[in-house]
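Notes follow once the structure below has been shown.
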């Protein structure tokens, strides 16, 4: 029997959230390390939260494409943190 990755259409909202929540600690930790140079605690927290929001947006899009995001969480977190550092927002936020 071949295991398949659930598609976006077959996932309920709660299953989608649960999948993201399972990788959230790694994304948050990556963002906190990436933005450790920020001295202002408020700016640092804003950058971390924006990274998480961007990762959530990208996570939904990747799952819709049928990707298993759990296989590349660090890469997702890296790209999201770099996008926040360069002041790029997700399409949902523009």
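Numbering (the working numbering), first residue to last: 131 to 224.
Note that CB positions come from ideal geometry on N, CA and C, so glycine has one too.
How would you write the range of the alpha helix (DSSP H) that residue i sits in, first residue to last?
i, result
"residue 142", "Careful: residue 142 lies outside any alpha helix (DSSP H) and carries neither H nor E."
"residue 206", "203-215"
"residue 173", "171-194"
My understanding is that residue i touches residue j, with C-beta atoms under 8 Å, so please give their C-beta distance in whole angstroms.
i, j, result
"residue 244", "residue 157", "Any question about residue 244 goes unanswered here, given that the chain covers just 131 to 224."
"residue 150", "residue 189", "5 Å"
Can the beta-carbon of residue i be found less than 8 Å from the beta-carbon of residue j?
i, j, result
"residue 177", "residue 214", "yes"
"residue 207", "residue 185", "yes"
"residue 211", "residue 147", "no"
Between the region 168-176 and the region 192-206, are three or more C-beta pairs nearer than 8 Å? no
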